[in-house]
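Student: The following block contains the structure, expressed as structure tokens.
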Amino acid sequence: MTLKTSPLILVIGGTGTQGGNVARELLKNGHRVRILTRNPESITAKQMAEAGAEVVKGDMGNLQSLEPAMQGVTAIFSAQYADPNDPSIELRNASNMVQMAQKTGIQQIVHTSVVGSNVFPRWDKYKALVETFDHKYEVEEYIEYTALRSPDNEYLGIIEVTQDITNLRELKDDQRLLSYSSK
């Protein structure tokens, strides 16, 4: 498979730490990468373009702006920002992502979240953190029950990863596993 024929992967959050590391690893391993960003003129977006990524302007809060970014894409890696001032934004953004992914025929979504989003204790003094985790769990459930189903309604699974994704390990049959190291 050449770079020209390799699947196109959209990285949402590709100018951030986790998404940027994933995008660089995908590029390093010969994949075509498209990055969605609100600001293609940012230093990080320009660095990603220099590294070989296609940078496309779009906003997760604007459903129609996602269509150009998702055209021709096979898979999405989503590392969405959680707004501590309004955690509901992440669920809205995930809904937009799933709707447009379905419209454009994207076959796979890998969404990152937090460990324990569904079991975080209800500690009053950590209310903002708990609310953020609750919203992340809502996003996980939404994606799981809408996007991660085959045409026969078969559940396709979730891959859990952590923040410092640094390499891709080869598996059999051209599958890849995202792995991490804690440096």
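Residue numbers (numbering that gives the first Met the number 0): 0 to 182.
Cβ atoms here follow ideal geometry from the backbone N, Cα and C, with glycine treated the same way.
If I measure Cβ to Cβ from residue 18 and keep anything under 6 Å in the same chain, skipping five residues before and after, which residues do I get?
Tutor: 10, 12 and 78
Student: Assuming residue 55 contacts residue 33 under a Cβ cut-off of 8 Å, what Cβ separation, rounded to an integer in Å, is found between them?
Tutor: That pair is a contact at about 6 Å.
Student: For residue 121, does the three-state DSSP call read helix, strand or coil?
Tutor: Confidence in residue 121 is poor, its pLDDT being 48 and thus under 50, which makes the residue's placement too unreliable to answer from.
Student: So, with DSSP's three-state summary, where would you put residue 79?
Tutor: coil
Student: Out of 50, 75, 24 and 46, state which residue places its alpha-carbon closest to the alpha-carbon of residue 7.
Tutor: 75
Student: I need the straight-line Cα distance from residue 106 to residue 66, nearest angstrom please.
Tutor: Rounded to whole angstroms, the gap between the alpha carbons of residue 106 and residue 66 is 15 Å.
Student: When we look at the beta-carbon of residue 180 and count the other beta-carbons within 10 Å, is it buried (16 or more) or exposed?
Tutor: Caution is warranted here: a pLDDT of 36 is assigned to residue 180, below 50, making its placement in the model unreliable, and no coordinate value can be reported.
Student: Can you tell which of 46, 142 and 134 has the C-alpha that lies nearest to the C-alpha of residue 109?
Tutor: Cα-wise, what sits closest to residue 109 is 142.
Student: Determine the burial state of residue 14: buried for a count of at least 16 other Cβ atoms within 10 Å of its Cβ, exposed for fewer.
Tutor: buried
Student: Report all residues from its chain with a CB closer than 8 Å to the CB of residue 73; omit the five preceding and five following residues, and keep chain order.
Tutor: 6, 7, 8, 105, 106 and 107
Student: Nearest-angstrom Cα distance between residue 93 and residue 59?
Tutor: Taking the straight line from one Cα to the other gives about 8 Å.
Student: Quick check: what's the CA-CA separation for residue 44 versus residue 35?
Tutor: 9 Å
Student: Should residue 83 go down as buried or exposed, given a rule of 16 or more other Cβ atoms within 10 Å for buried?
Tutor: exposed
Student: Would you check if the distance between the CB atom of residue 27 and the CB atom of residue 89 is smaller than 8 Å?
Tutor: no
Student: Roughly how many angstroms lie between the CA atoms of residue 25 and residue 133, to the nearest whole one?
Tutor: 30 Å
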